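With the first letter of the sequence shown counted as 1, position 244 gets the number 243 in numbering that gives the first Met the number 0; the numbers rise by one all the way through.
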Amino acid sequence: MSNLLARWKESARLSRRRLVLAEAGDERVLGAARRLAEEGIAEVALMTPAGGGHDASAARALERAGVTWVAGDAPEEIARTHEALSAARGERLAGSERERLARDPLYQAAARVRDGRADCLVAGASRPTADVLRAALWLIGLAPGSSLVSSFFVMEMPARERDHSRTLVFADCGVVPDPDARQLAEIGIQAAEHFELLTGERARIAFLSYSTRGSAEHPRVDKVREAVKQARAARPDLALDGELQADAALDPEVARRKAEGSPVAGRANVLVFPDLDAGNIGYKLVQRLAGAAAYGPILMGLRAQANDLSRGCSMEDVVNVSLIACTLAARTRAGGPA
């Protein structure tokens with residue numbers, strides 16, 4: 000286990016947040032639930048679909064480990080979720096659709112976070128991102144001051160010759176396809192806040208482009224420049240710069256040639272990508288070719304912590320994303336960002 004994961008695990012154990020997992024029918028989720036409970040990382044509740052659908056002996060083993068099973072067909076669970084959907088969506092949600100969703104474990108899990116019966120939610124091992132985002136937006140809602148939900152990955156880079164391991168945050172890699180300048184500024188600020196919460200280090204934010212400080216002119220470059228301008232106005236205390244090419248953001252020698260005097264060039268640890276194409280491709284290239292550990296996607300901008308999973312995730316991925324959810328839930332409760 001890396002030092003970063005070990006620090007998050009210790010933090011989560013100290014706070015013991017109430018985590019709800021929404022996919023009892025997935026073996027990866029079942030294995031993660033058991034581990035999280037046995038290691039004292041969280042108080043784990045597992046939503047079961049209406050009609051059961053889980054192995055009774057496996058359920059008993061998980062209960063012995065400390066996992067709480069929540070029956071999705073229990074009348075009180077359905078009623079609470081129905082009430083939450085009515086309060087959140089009102090007449091915008093047809094009655095038949097409300098009835099269906101009130102029996103959906105994902106919406107039941109989100110309703111538990113909304114009602115304060117859980118601190119954080121992790122789902123998506125067997126559900127598309129759109130489902131997870133919709134349940135979180137409808138029932139958990141946006142945090143005060145937030146205008147959108149976005150995401151980031153924590154990228155733990157392996158040590159190289161004469162260099163220590165390095166932790167970076169990449170945003171947005173999973174949610175907003177083509178953010179405008181205002182949205183890009185918000186993504187950068189929130190990513191920096193989450194980087195500091197998770198690492199304890201000062202964020203140095205690079206807004207990335209194919210241009211560095213005027214080396215190219217294009218409306219896409221203009222968008223990044225405007226995002227930097229708005230981010231500086233909103234948070235003058237943050238160390239940020241842009242537009243920067245990736246090499247100028249990360250390599251001190253290149254930074255001296257391309258961006259002399261920049262407060263972050265060559266030392267950036269939060270990389271803000273101009274659109275989802277760049278962010279998603281970028282994190283996967285770094286993960287696959289550089290051997291980085293990629294933890295996420297971690298959602299930002301919600302009133303309480305909810306994290307999405309890739310449908311290609313492993314059990315270890317479920318554990319790690321849940322660990323981050325619990326760590327952020329504890330630190331958000333202590334006054335950090337949502």
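The beta carbon of each residue, even a glycine, is placed where N, CA and C say it ideally should be. Since this is a predicted model, take the numbers as computed values, not measurements.
| Item | Value |
| --- | --- |
| So, is S150 buried or exposed, given that buried needs 16 or more other C-beta atoms within 10 angstroms? | buried |
| Taking the continuous alpha helix (DSSP H) assigned at R2, which residues delimit it? | The question names Arg, but residue 2 is Asn in the sequence shown. Run containing N2: N2 to S14, per the alpha helix (DSSP H) assignment. |
| Identify, in the order they occur along the chain, each residue of the same chain with its Cβ nearer than 8 Å to the Cβ of A117, setting aside the five sequence neighbours on each side. | R17, L18, V19, A44, A108 and R111 |
| Under the three-state reduction of DSSP, which class applies to R201: helix, strand or coil? | coil |
| Give the secondary structure of F169 by DSSP, where H, G and I count as helix, E and B as strand, and everything else as coil. | strand |
| For A258, is the classification buried or exposed, using 16 other Cβ atoms within 10 angstroms of its Cβ as the cut-off for buried? | buried |
| Suppose you measure from the CA of Y294 to the CA of V318; what does that come to, to the nearest Å? | 10 Å |
| Ordered along the chain, which non-local residues of its own chain (more than five positions away) have a Cβ less than 8 Å from that of C172? | S150, F151, F152, F272, L275, G278, N279, G281, Y282, G295 and P296 |
| Report the rounded CA-to-CA distance for L4 versus R15, giving the unit in angstroms. | 16 Å |
| Rounding to the nearest angstrom, what Cα-Cα distance links A333 and R201 in this structure? | Note on A333: pLDDT 42, under 50, position unreliable in the model; no value is reported. |
| Distance, Cα to Cα, V285 vs G65? | 37 Å |
| Taking 8 Å as the threshold (C-beta atoms), are L301 and I139 in contact? | yes |
| Give the DSSP-derived three-state secondary structure of M296 in the structure shown. | The question names Met, yet the displayed sequence has Pro at residue 296. Correct three-state label for P296: strand. |
| On a CA-only basis, which of S146, D103 and M156 is nearest D130? Give me that one, please. | D103 |
| What does the Cβ neighbour count give for S146, buried or exposed, with the cut at 16 atoms within 10 Å? | exposed |
| With DSSP run on the structure shown, which of helix, strand or coil describes L307? | Residue identity check: residue 307 is Asp in the sequence provided, not Leu. The answer is strand: DSSP assigns D307 an E or B state. |
| Could you name each continuous beta strand (DSSP E) segment of 3 residues or more that falls completely within the stretch 191 to 248, going from the start of the chain to the end? | 203 to 207 and 238 to 243 |
| Excluding the 5 residues preceding and the 5 following A191 in the sequence, name in chain order all residues of the same chain whose CB lies nearer than 6 Å to its CB. | A202, I204, L237 and V269 |
| I need the straight-line Cα distance from A267 to L207, nearest angstrom please. | 11 Å |
| Give the single residue among G260, M154, R59 and E42 whose Cα lies nearest to the Cα of C325. | E42 |
| Please identify the residue among D221, A93, L322 and E225 whose C-alpha is closest to the C-alpha of A36. | L322 |
| CA-CA distance, Q182 and R224? | 13 Å |
| On the criterion of 16 or more Cβ atoms from any shown chain inside 10 Å, does A93 qualify as buried, or is it exposed? | exposed |
| Helix or strand or just coil, what does DSSP make of A93? | coil |
| Evaluate E2 with the Cβ neighbour count: other Cβ atoms within 10 Å of its Cβ, from every protein chain shown; 16 or more gives buried, anything less gives exposed. | According to the sequence displayed, residue 2 carries Asn and not Glu. With fewer than 16 other Cβ atoms within 10 Å, it is exposed. |
| Using three-state DSSP, classify L301 as helix, strand or coil. | strand |
| For P127 and R256, what's the separation of their Cα atoms in angstroms? | 44 Å |
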